[in-house]
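Undergrad:
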Amino acid sequence: MKELIQQLLEQAVTTLKSQQILPEDLAPRIQVDRTKDKAHGDLATNLALMTAKPAGKNPRELAQLICDNLPESTLVEKTEIAGPGFINFYLNNAWLSEQLDAMSRDAKSNVKLADAPQTIVVDYSAPNVAKEMHVGHLRSTIIGDAVVRTLEFLGHKVVRANHIGDWGTQFGMLIANLEEVEKQGTDAGSIELSDLEAFYREAKQRYDSDEEFAVRARNYVVKLQGGDEYCNTMWRKLVDITLSHNQAVYNRLNVSLQMSDAMGESQYNAMLPEIVADLEKQGLAVEDNGAKVVFLDEYKNKDGDPMGVIVQKKDGGFLYTTTDIACAKYRYQQLGADRVLYFIDSRQHQHLMQAWSIVRKAGYVPEEVPLEHHAFGMMLGKDGRPFKTRSGGTVKLVDLLNEAEERAQQIVAEKSRDLNEQEQQQAAKAIAMGAVKYADLSKNRTTDYIFDWDNMLAFNGNTAPYLQYAYTRIQSILRRADIDVSSLTQTIELEHDAEIALGQKLIQFSDTVHGVANKGMPHMMCNYLYELAGAFMSFYEACPILKNASEQQQQSRLRLAALTAQVITQGLSLLGIETLERM
RNA sequence: GCACCCGUAGCUCAGCUGGAUAGAGCGUCGCCCUCCGGAGGCGAAGGUCACAGGUUCGACUCCUGUCGGGUGCGCCA
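Numbering follows the working numbering, in which position 394 of the first sequence is assigned residue number 585; successive positions increment by one, without gaps.
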């Protein structure tokens with residue numbers, strides 16, 4: 192919608208240039224905004240204000256010239272010049288009605304697909320091997336998955352990259368301990384991940400107390416890194432146990448990651464020596480105290496000298512900076528990424544900036560391929576302190592999801608008495624997962640954020656249950672109408688203000704999907720859907736659909752209602768949230 | 001010490017590429033059920049956008065500084 196107005200304005204600019212009213216070399220960034228106040232029309236541009244100075248003209252006078260030179264268009268009802276020189280556009284209702292008609296007949300609600308589909312790598316979730324997923328993995332997993340769904344919807348090729356923590360010195364003791372367990376006759380495949388947590392502690396304890404065990408563990412680290420087949424097999428078992436457990440969590444959360452999307456740190460090991468050698472060859476890495484270090488002028492250490500980033504330890508080992516350099520290189524060169532998005536917590540920001548700074552200097556990824564860090568903070572409890580169990584431990588994701596379902600079940604049992612038990616279970620599950628996910632998705636803070644059960648499970652405000660409820664309410668009306676709305680040919684008539692407002696909100700869906708894709712920010716979709724639901728509720732109050740309405744009005748309003756439901760369910764599905772027919 | 005992120009209503013959060021009178025929900029107070037789902041709607045009160053300068057026709061938004069909070073800074077990941 193904005194684009195169409197922009198095109199009209201561009202043509203006007205071209206015309207004015209040819210008339211020497213605007214300088215030939217002027218290339219203004221044409222900005223079209225939705226107005227906050229209806230008195231200012233539906234859309235507005237500040238074009239005349241921006242170009243007044245270079246054109247040497249009074250802004251209002253210039254605005255008039257722009258309006259006079261706008262091409263004829265069916266979508267604009269009229270234009271007005273307001274304030275210091277804004278041009279306000281009033282949309283034509285017949286045009287709006289046609290747009291809504293087209294939306295309701297299109298499987299993707301007339302969302303404009305990407306003109307040039309890209310290959311986009313999205314790095315998200317990233318749990319660790321031999322550890323259960325905990326609340327710290329929630330945000331990355333959920334936000335990343337929503338962005339992935341949105342990008343795919345627009346036609347991009349998305350590579351889901353689950354950068355699991357599957358490498359490090361701790362694997363020596365884990366392998367040694369797995370050996371002990373297998374000696375006692377337990378098959379690795381039968382180990383549950385919850386046992387694996389205990390297993391991890393057991394390994395650590397043995398490592399600390401048993402010198403012979405520790406020696407063996409250290410030996411295994413060396414052998415594993417050297418590609419030893421036995422150690423590799425044992426390592427693989429640990430990875431597989433973890434992946435299959437995590438898969439259950441992803442499935443339950445309706446996260447689209449599969450086991451085959453795991454692209455762990457270990458995958459880049461083979462690249463590391465050549466990266467360091469190349470950095471040295473390029474003169475970027477130098478030896479310092481036995482280690483290989485890249486000095487970056489843009490980062491200073493405590494003495495004010497360029498900060499050194501170690502890419503290889505003096506014992507020959509590699510650190511995660513080198514892995515992240517290799518990883519970015521791989522994603523560009525091997526996966527053919529046009530864009531890479533990282534959903535990783537904000538504590539790693541500086542580290543990523545350093546790694547990418549080296550990546551750019553070494554020429555591994557060209558500047559035109561964006562590497563984007565989408566950061567977020569820690570999860571805090573309602574009291575503003577880190578979100579922990581009563582005993583102060585880390586909250587496991589499984590426990591969090593269980594609690595969400597328990598809470599949702601209580602609410603459903605109380606409020607959805609007309610559903611049978613199975614329907615109640617299903618509703619509770621959808622509400623619980625929706626609430627948890629939406630609570631994360633709807634926040635844009637890069638800083639710490641507050642996790643509050645009462646807020647997220649509320650049926651009012653910007654929450655998943657509110658949107659799910661709005662959807663079921665519409666479904667209820669459509670059921671009651673008892674006609675196939677998709678077969679209606681009645682045009683959508685926008686008479687009442689509330690109908691126009693709803694219609695205008697509906698056609699913003701396409702812009703919203705693109706906003707989420709371009710910025711990697713799903714909260715824009717949340718805000719939009721909340722506003723849409725609000726616009727529908729106002730319409731619903733003001734415009735009777737089934738009663739006190741003419742045949743024509745009834746059909747038109749049913750179509751509007753059905754389209755609203757279509758957009759809500761589609762929008763929520765892009766966020767990975769389910770809707771229900773009844774709740 | 002240096003760097004990064006943040007500071008918007010009592011609380012939780014929006015505020016797009018700088019645009020017109022800074023918006024929601026909760027909580028507080030009021031109104032609306034002979035009405036298609038009241039799990040709803042309408043309204044009121046509540047703001048020095050941390051503070052001070054600067055740029056601009058115009059700043060919550062950009063720049064500089066100060067204060068406050070969080071996080072990270074050479075051989076873990």
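Yeah, the Cβ is synthetic: ideal placement off N, Cα and C, and Gly gets one too.
Kindly list the residues whose CB is nearer than 6 Å to the CB of Asn301, restricted to its own chain and excluding five residues on each side of it in sequence; keep chain order.
TA: Contacts found: Ala293, Met294.
Undergrad: What runs of the alpha helix (DSSP H), each 4 residues or longer, lie entirely inside the region 442-526?
TA: The qualifying runs are 463-472, 511-524.
Undergrad: In the DSSP output, what is Met570 paired with across the bridge?
TA: In DSSP, Met570 forms a bridge with Tyr640.
Undergrad: When DSSP labels each residue in this structure, what does Leu781 get in the three-state scheme?
TA: This structure leaves residue 781 out entirely; the chain is present only between 192 and 774.
Undergrad: How about Pro245 and Leu217: are their beta carbons less than 9 Å apart?
TA: The answer is yes: Cβ separation under 9 Å.
Undergrad: Taking one C-beta from the region 340-357 and one from the region 384-402 each time, how about it: are there three or more such pairs within less than 8 Å?
TA: Touching, no, given that fewer than three Cβ pairs across the two stretches are closer than 8 Å.
Undergrad: Kindly list the residues whose CB is nearer than 8 Å to the CB of Thr638, restricted to its own chain and excluding five residues on each side of it in sequence; keep chain order.
TA: Correct list, in chain order: Ser537, Gly568.
Undergrad: In chain order, which alpha helix (DSSP H) runs of at least 4 residues are fully inside the region 351-394?
TA: The qualifying runs are 361-374.
Undergrad: Helix, strand or coil for Ile272, going by three-state DSSP, please let me know.
TA: Strand.
Undergrad: Tell me the DSSP bridge mates of Asn709?
TA: DSSP output for Asn709 lists no bridge partner at all.
Undergrad: If you measure between the beta carbons of Leu200 and Ala321, is that distance less than 9 Å?
TA: In this structure, Ala321 does not lie closer than 9 Å to Leu200 by Cβ.
Undergrad: With DSSP as the reference, label Val320 as helix, strand or coil.
TA: Note: Val320 maps to coil in three-state DSSP.
Undergrad: Measuring straight from C-alpha to C-alpha, what distance separates Ser677 and Leu444?
TA: Using only the alpha carbons, I get a separation of about 32 Å.
Undergrad: Nearest CA to the CA of Ser667: which residue from Tyr640, Ala752, Arg608?
TA: Comparing Cα-Cα distances from Ser667 to each of Tyr640, Ala752, Arg608, the minimum goes to Ala752.
Undergrad: Buried or exposed: which applies to Gly276, given that a residue is buried once 16 or more other Cβ atoms fall within 10 Å of its Cβ?
TA: Gly276 comes out buried.
Undergrad: Does DSSP put Glu594 in a helix, in a strand, or in coil?
TA: Glu594 falls in the helix class under three-state DSSP.
Undergrad: Helix, strand or coil for Arg330 per DSSP?
TA: Arg330 falls in the helix class under three-state DSSP.
Undergrad: Going by the CB atoms, is the gap between Gln761 and Glu684 shorter than 9 Å?
TA: It is not a contact, given that the beta carbons lie outside the stated cut-off.
Undergrad: Just confirm the distance between the C-beta atoms of Val406 and Val350, as a whole number of angstroms; I'd bet it's less than 8 Å.
TA: No, Val406 and Val350 are not in contact; Cβ-Cβ is about 41 Å, not under 8 Å.
Undergrad: To the nearest angstrom, how far is the alpha carbon of Leu369 from that of Arg427?
TA: Approximately 12 Å between the Cα atoms of the pair.
Undergrad: In terms of residue numbering, what span does the beta strand (DSSP E) encompassing Arg225 cover?
TA: Element bounds for Arg225: 223-225.
Undergrad: How about Gln197 and Ile221: are their beta carbons less than 9 Å apart?
TA: Contact: yes.
Undergrad: Quick one: measure Cβ to Cβ for Leu291 and Leu266, integer angstroms, because I've assumed they're closer than 8 Å.
TA: In fact, because the Cβ distance is near 13 Å, the residues do not count as touching under 8 Å.
Undergrad: Can you name, in chain order, every residue of its own chain whose Cβ lies under 8 Å from the Cβ of Val586, other than the five neighbours on each side?
TA: Result list for Val586: His325, Val326, Phe578, Lys579, Thr580, in chain order.
Undergrad: For Ile768, tell me which candidate among Ser747, Tyr657, Asp673 has the shortest Cα-Cα distance.
TA: It is Tyr657.
Undergrad: Could you work out which residue in Arg330, Asn460, Gln746 is closest to Asn635 when comparing CA atoms only?
TA: Nearest of Arg330, Asn460, Gln746 to Asn635, Cα basis: Arg330.
Undergrad: Whose CA, out of Leu763, Ala285, Trp358, lies closest to the CA of Cys717?
TA: If we check each option's Cα against that of Cys717, Leu763 comes out closest.
Undergrad: Please identify the residue among Arg773, Arg670, Leu765, Leu434 whose C-alpha is closest to the C-alpha of Lys299.
TA: Among Arg773, Arg670, Leu765, Leu434, the Cα nearest to that of Lys299 is on Leu765.
Undergrad: Return helix, strand or coil for Arg530, following the three-state DSSP convention.
TA: Arg530 falls in the strand class under three-state DSSP.
Undergrad: Output the distance between the C-alpha atoms of Thr341 and His231, rounded to the nearest integer angstrom.
TA: The straight-line gap from Cα to Cα measures roughly 32 Å.
Undergrad: Let's see if you can read the secondary structure: which residues bound the alpha helix (DSSP H) around Phe730?
TA: Where Phe730 is concerned, the enclosing alpha helix (DSSP H) stretches over 714-733.
Undergrad: Looking only at its own chain, which residues have a Cβ that is under 7 Å from the Cβ of Gln438, when we skip the five neighbours before and after it?
TA: The answer, listed in chain order, is Met450.
Undergrad: Pull up the DSSP beta-bridge partners for Asn279, would you.
TA: Its beta-bridge partners are Ala235, Glu271.
Undergrad: Can you tell which of Asn260, Phe280, Leu261 has the C-alpha that lies nearest to the C-alpha of Glu268?
TA: The candidate whose alpha carbon is nearest that of Glu268 is Phe280.
Undergrad: Does the count of Cβ pairs from the region 723-743 and the region 591-598 closer than 8 Å reach three?
TA: Short answer: they don't touch.
Undergrad: Are the CB atoms of Val560 and Ala517 within a distance shorter than 9 Å?
TA: No, these two residues do not count as a Cβ contact at 9 Å.
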